[in-house]
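**Student:** Residue 395 in the numbering used here sits at position 265 of the sequence shown, and the numbers go up by one each step. Think of the CB as a built atom: it goes at the ideal place given N, C-alpha and C, for glycine as much as any other residue.
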Amino acid sequence: MPKQTILVTGGLGFIGSHTVVELINAGYAVVIIDDLSNSQLFILDNIRKLTGVRPAFHHLDMTDETLLGTFFQSGIAIDAVIHFAASKSVGESVKNPLKYFRNNLFSLINLLQCMQAASVSNIVFSSSATVYGNPDVLPITEQAAIKPALSAYGSTKQMGEDILQKTAAADNVNAIALRYFNPVGAHASALLGELPIGVPNNLMPFVTQTAAGKIEMLTLYGNDYNTPDGTCIRDYVHVVDLAKAHVKSCHRLLARQQKSRYEVFNVGTGNGLSVLEIIHAFEQHNKVNLHYKVGRRREGDTEAMYADVSLAQSELNWKAELGIEQMVTSAWQWQKQL
Ligand code: UD1
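1. Decide yes or no for the touch test of the stretch 293–310 against the stretch 384–401: beta carbon pairs closer than 8 Å, at least 3 of them.
2. Assuming residue 434 contacts residue 362 (C-beta within less than 8 Å), just tell me the rounded distance between them.
3. Leaving out five residues on either side along the sequence, give the residues of the same chain with a beta carbon under 8 Å from the beta carbon of residue 413.
4. Go through the stretch 362–428 residue by residue and report every complete run of the beta strand (DSSP E) that reaches 3 residues or more, in order.
5. Thinking just about the alpha-carbon of each residue, which of 259, 197, 252 is nearest to the one in residue 298?
6. Looking at residue 312: is its Cβ nearer than 8 Å to the Cβ of residue 364?
7. Over what stretch of residues does the alpha helix (DSSP H) that includes residue 444 continue unbroken?
8. With residue 190 and residue 209 assumed to form a contact (beta carbons below 8 Å), what rounded beta-carbon distance in angstroms separates them?
9. Measure the CB-CB distance between residue 442 and residue 375 and report whether it falls below 8 Å.
10. Would you call the CB atoms of residue 136 and residue 151 closer than 8 Å?
11. According to DSSP, residue 164 sits in a beta bridge with which residue or residues?
12. Can you grab the Cα-Cα spacing for the pair residue 244 / residue 217, in whole Å?
13. How should residue 171 be labelled, buried or exposed, when 16 other C-beta atoms within 10 angstroms of its C-beta is the threshold for buried?
14. Any heavy atom of ligand 1 closer than 7 Å to the Cβ of residue 313?
15. Just to confirm, are residue 153 and residue 174 a CB contact at a threshold of 8 Å?
16. Using 10 angstroms around the beta-carbon of residue 107, count the other beta-carbons present and answer buried if the total reaches 16, otherwise exposed.
17. Compute every distance between the C-beta of residue 362 and the non-hydrogen atoms of ligand 1, then say whether any falls below 7 Å.
18. How should residue 247 be labelled, buried or exposed, when 16 other C-beta atoms within 10 angstroms of its C-beta is the threshold for buried?
19. Indicate, with yes or no, if ligand 1 has a heavy atom lying under 7 Å from the CB of residue 336.
20. Cα separation between residue 260 and residue 327?
21. Have a look at residue 269 and residue 200 and give me their C-alpha separation to the nearest angstrom.
22. Would you mind stating whether residue 422 and residue 348 have Cβ atoms separated by less than 8 Å?
23. In chain order, what residues of the same chain lie with their CB nearer than 8 Å to the CB of residue 431, ignoring the 5 residues before and after it?
24. Look up residue 454 in the DSSP assignment and say whether it is helix, strand or coil.
25. Skipping 5 residues on each side, what residues in its chain have a beta carbon closer than 7 Å to that of residue 384?
26. By alpha-carbon positions, which one of 226, 325, 341 ends up nearest to residue 468?
27. Please determine, among 202, 262, 382, 207, the residue with the shortest C-alpha to C-alpha distance to residue 438.
28. Hey, would you say residue 403 sits closer than 8 Å to residue 345, going by beta carbons?
29. For my contact list, residue 289 and residue 235 are in at a C-beta cut-off of 8 Å; report their separation, rounded to the angstrom.
30. Residues in its own chain within less than 7 Å of residue 267 by CB, not counting five upstream and five downstream?
31. Residue 196 lies in the alpha helix (DSSP H); which residues open and close that run?
32. Taking a contact to mean a Cβ-Cβ separation below 8 Å, would you say residue 162 touches residue 132 in this structure?
33. Please tell me whether residue 316 and residue 369 are closer than 8 Å, where the distance is taken between their beta carbons.
34. Please name the residue or residues paired with residue 258 in a DSSP beta bridge.
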């Protein structure tokens, strides 16, 4: 039987590249689309080093309806799409909301139209726990209320889910949205990881760049929260585990195991860790000292968030396997080789 083919948009990015490797390891053929706006071509060679396969690569801007249409009409047989291609800096999206609405929504709408025209019906969508805003109850289940988004980035994830849900209800589309908690870490080989472009937005790149001396000091955004050590709590999930959740989602779509045309799953570990716990774990497991100071709270931050992951476990047969030690050591190995 020929291999089933998965189109991975944004497949050279942080989560995309790890997912490509796991898909190839699971026996799928992979085709990548990426516009290289937040990724680099050498990742393709590193994917080949890891898997022995250099996936077909198309340098393409997904907001370009004509180009994307030509790609889909080229006779390529695609069984499912994993759609990562999107802009993801929360801060930038607040300053330049139209860039985010344009890039993240045009690309999704174009993709769904092209899929429809080419009779491709399966899609996995990169969503985010950001859709929950400041949660009322912990751990957060998929039934939790969707709160008004605080950034254009957050809006595009909420709207993206809405677009998929309504398209799935009207058309022959089967969709799974994965709501990521806080993806961190890197491939154990140190061949894949998060590429730093400009000043980092998220905690782990700040931590690794501080350890590497690229940033003088880490600022801890507030230690007066109502948590055991006063710092915010998040559900950090290893990017390799996250990648495997996409592979399981493809299995589910292709095996027609969905309970409804549109499904949503939380992807986290189910465990909350504070900012100080992350800092201390990084220092302990990597045997380095981190310079940090306590600063003011960051606007828009939520006190505590962690997932109820029982639905992903029962329906996707997926569970995070890697712990905080693998997260902080792999992140540091990647930073060191950069
Ligand atoms: C952020 C985004 C979220 C997005 C996610 C992607 C905001 C408000 N939220 O989540 O929409 O989906 O990234 O990964 O931007 N921290 C510090 N010092 C730092 C950096 C972070 O103390 O230099 C703290 C933060 O206050 C937070 C924790 O570390 O408590 C994690 O922060 P971050 O990695 O930015 O993730 P989130 O804010 O959870």
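**Tutor:** Taking the geometry as given:
1. yes
2. 7 Å
3. 419, 420
4. 366–368, 392–397, 422–425
5. 252
6. yes
7. That residue, residue 444, is in no alpha helix (DSSP H); it is neither H nor E in DSSP.
8. About 19 Å; that fails the 8 Å criterion.
9. In contact: residue 442 and residue 375 (Cβ atoms closer than 8 Å).
10. Cβ distance not < 8 Å, so residue 136 and residue 151 don't count as in contact.
11. 189
12. Each residue's alpha carbon lies about 21 Å from the other.
13. Taking a 10 Å sphere around the C-beta of residue 171, we find fewer than 16 other C-beta atoms and assign the residue as exposed.
14. yes
15. no
16. Only positions 131 to 468 of the chain appear in this structure, which leaves residue 107 out of reach.
17. yes
18. It counts as exposed.
19. yes
20. 22 Å
21. Approximately 44 Å, taken between the alpha carbons.
22. yes
23. 351, 352, 362
24. helix
25. Within the same chain, residue 384 has close Cβ partners 134, 209, 210, 252.
26. Minimum Cα distance to residue 468 is reached at 325.
27. When each option's Cα is compared against that of residue 438, the closest is 262.
28. no
29. 6 Å
30. Excluding sequence neighbours, residue 267 sits near 274.
31. Looking at the DSSP string, the run of the alpha helix (DSSP H) that includes residue 196 is 195–202.
32. Not a contact, by the Cβ cut-off of 8 Å.
33. yes
34. Under DSSP, residue 258 takes part in a beta bridge, and its partners are 310.
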